[in-house]
Amino acid sequence: MQTLLESKTFFIDTLSADASFVLQHAEQSKIITKREYSNLNHPNHTQENIIINLLDKVMNKGDDTCRRFLQLLQDNELQENFPGLKEHFRPPQPALKQDNRGPTDEIGEYEMSSVPRGLCVIINNMKFDPPFKYRNGSDVDEESLNEVFSWLGFTVEVHRDKTAKQMKELLKQLSQKGHEGDCFVCCILSHGCAEGVHGTDGGVVPSEDIFSPFRGTSCPNLAGKPKAFFIQACRGEDYQVPVEVQADDLGGDEAAQAAVLEMDAVEIITIPADADFLVARSSVKGFYSFRNTLSGSWFIQSLCKQLKTYCPKGEDVQSILLSVNQEVSLTAGKVMIKYRMVTAKQMPVHKVTLRKKLVFRVP
């Protein structure tokens, strides 16, 4: 809403050249209803009044509608009709200058102002061929990720139940997109094995095939931009047991999971040598990751919660992931492993080749 409000005068001047054209597209995109279209397109209203009333209507509908309207204004058809829009939404080009910063100078931030912020892809594999189990609760993770990254201003794409071949093809296709936004996010929810991530057919997508399409040499449109991967899957067949500790003013017992816990088999991932990658994983190497069949995985649910809490405060993603580590590490639950009911814990991990702070600025 703030972005729309700050540019309101520009939009009034630009869009008033053909208010009816804008109204038609707003109605087609379901930003306004047919009735609202009729009321706004009153014959006694000037072109300028129509646009003023439309902008007020959109802002009164809240942040989500404002984001959808701003995305509409970046549509090719509208930008062809209103050339000023293309220039308005073009990301500012940083001036080339010598970097005289010393090693102790403050680290900068990645640019995070484009509308939309970029593309967030969620690959959610739930229904597998035997002998792999159905991943109950992963739909909750998908919904939570969709909600939080939409709120953060990303265009979210959801892809469900892909075979290994389909996942490889999808990742390659995604790398060939224009990527005009400031960031790329990929969330993978699946089973895994020592070689990589499983497709629904049991085939394996090697780690190299996940990351390599997005390296600077393969995807120049993302060169220099942050690429964040959040992966929910096990990384081994061991489980972590609770260790008793003493703490000052520890508030309550460890959280217990009442619903059934399940595990997402094995996964090993390496960080690419290229810069600007962040890979956050649900568990350290060699251990299970746990997923509540009713409320979703410990890792993804904590991630979404912490993003909602700290992004509005301007915290960088690496600091937020420390909060995720803290919350998940204090969680414990009962799970059946090798015909034994055991108390299990989990420790997430993340690795980066970022060169700056990554801050998801709330639009």
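In UniProt numbering, the protein residues as written are 1 to 363. Heads up, the beta-carbon is just placed ideally off N, CA and C, and yes, glycines get one too. Keep in mind that this is a model prediction, so the values were computed, not measured.
If you follow the beta strand (DSSP E) that F227 is part of, which residue opens it and which one closes it?
-> Your numbering for residue 227 matches position 227 in the sequence shown. Rather than Phe, the amino acid found at residue 227 in this sequence is Lys. First-last of the beta strand (DSSP E) with K227: K227 to Q232.
Would G178 be called buried (16 or more neighbouring beta carbons within 10 Å of its own) or exposed?
-> Within the sequence shown, the letter at position 178 stands for residue 178. It is exposed - the Cβ of G178 has fewer than 16 other Cβ atoms within 10 Å.
Within its chain, find whatever has a CB closer than 8 Å to the CB of Y310; leave out the 5 residues flanking it on each side and keep chain order.
-> Mapped onto the sequence shown, residue 310 falls at position 310. If we look at Y310 and ignore the five residues flanking it on each side, its Cβ neighbours are S319, I320 and S323.
According to DSSP, is I107 helix, strand or coil?
-> Counted from its first residue, the sequence shown places residue 107 at position 107. I107 sits in coil when the DSSP states are folded into three classes, being neither helix nor strand.
Ignore the nearest five residues each way along the sequence and tell me which others in A275's own chain have a CB closer than 6 Å to its CB.
-> Position 275 of the sequence shown, counted from the first residue, corresponds to residue 275. Here the set comprises T353 and R355.
C-beta contact flag for V279 and I231 at 8 Å | Within the sequence shown, numbered from 1, the residue matching residue 279 stands at position 279. Within the sequence shown, numbered from 1, the residue matching residue 231 stands at position 231. Contact: yes.
Name the one or two DSSP bridge partners that I188 has.
-> Here the question's residue 188 lines up with position 188 in the sequence shown. Paired residues: I123 and I231.
Give the DSSP bridge partners of R281, in chain order.
-> In the sequence shown, residue 281 corresponds to position 281, counting from 1. Answer by DSSP bridge pairing, in chain order: I231 and V349.
Is any beta-carbon of chain C found at less than 8 Å from that of V317?
-> Judged by its chain identifiers, the structure shown contains no chain C, having just a single protein chain.
Pick from D182, C183, V204 and G181 that is closest to H191, judged by C-alpha positions = Taking the first residue of the sequence shown as 1, we reach residue 191 at position 191. Residue V204 is the option with its Cα nearest to H191.
If we count the other Cβ atoms within 10 Å of its Cβ and call it buried at 16 or more, is Q257 buried or exposed?
-> As a working mapping, residue 257 is identified with position 257 in the sequence shown. Residue confidence is low: Q257 scores 40 on pLDDT, short of 50, so the model does not pin down where it sits. Its coordinate-derived value is still stated next. It counts as buried.
Does the beta-carbon of I188 have 16 or more other beta-carbons within 10 angstroms, so that it is buried, or is it exposed?
-> Residue numbering aside, residue 188 sits at position 188 when the sequence shown is read from its first letter. Buried.
Considering only residues of the UniProt domain "CARD" (1 to 75), which uninterrupted alpha helix (DSSP H) runs meet the minimum length of 4 residues and lie entirely inside it, listed in chain order?
-> Runs found: 2 to 6, 8 to 15, 19 to 28, 34 to 40, 47 to 60 and 63 to 72.
Cβ of P348 versus every heavy atom of the ligand GTP: is any distance shorter than 7 Å?
-> The ligand GTP is absent from the structure shown, which contains no ligands of any kind.
Nearest-angstrom Cα distance between K8 and D56?
-> Taking the sequence shown and counting its residues from 1, the one referred to as residue 8 is at position 8. Taking the sequence shown and counting its residues from 1, the one referred to as residue 56 is at position 56. The alpha-carbon separation between K8 and D56 amounts to approximately 9 Å.
Expressed to the nearest angstrom, what Euclidean distance is found between the alpha-carbon atoms of E48 and M347?
-> By 1-based counting over the sequence shown, the position of residue 48 is 48. By 1-based counting over the sequence shown, the position of residue 347 is 347. Cα to Cα, the separation comes out at about 57 Å.
Using the C-alpha atoms, what's the distance from F128 back to D139?
-> Here residue 139 is taken as the residue at index 139 of the sequence shown, counted from 1. Here residue 128 is taken as the residue at index 128 of the sequence shown, counted from 1. Cα to Cα, the separation comes out at about 14 Å.
Can you name the start and end residues of the alpha helix (DSSP H) that H179 belongs to?
-> Counting from 1 along the sequence shown, the entry for residue 179 is found at position 179. Careful: H179 lies outside any alpha helix (DSSP H) and carries neither H nor E.
Taking V185 as the reference, give the member of E208, K225 and P130 with the closest Cα.
-> Position 185 of the sequence shown holds residue 185. V185 has its Cα closest to that of K225, out of E208, K225 and P130.
Within the segment 115 to 170, note down every full beta strand (DSSP E) run reaching 3 residues or more, in order along the chain.
-> Unbroken beta strand (DSSP E) stretches of 3 residues or longer found wholly inside the segment 115 to 170: 118 to 124 and 155 to 160, given in chain order.
Hey, quick one: how far does the alpha helix (DSSP H) through G84 stretch, first residue to last?
-> The sequence position of residue 84 within the sequence shown is 84, counting from 1. P83 to F89 is the extent of the alpha helix (DSSP H) around G84.
Beta carbon of G314 nearer than 8 Å to that of G137 = The count along the sequence shown starts at 1 and reaches residue 314 at position 314. The count along the sequence shown starts at 1 and reaches residue 137 at position 137. Between G314 and G137, the CB-CB gap reaches or exceeds 8 Å.
Three-state secondary structure (DSSP) of T309 | Taking the first residue of the sequence shown as 1, we reach residue 309 at position 309. In the structure shown, T309 sits in a helix (DSSP, three-state: H, G or I).
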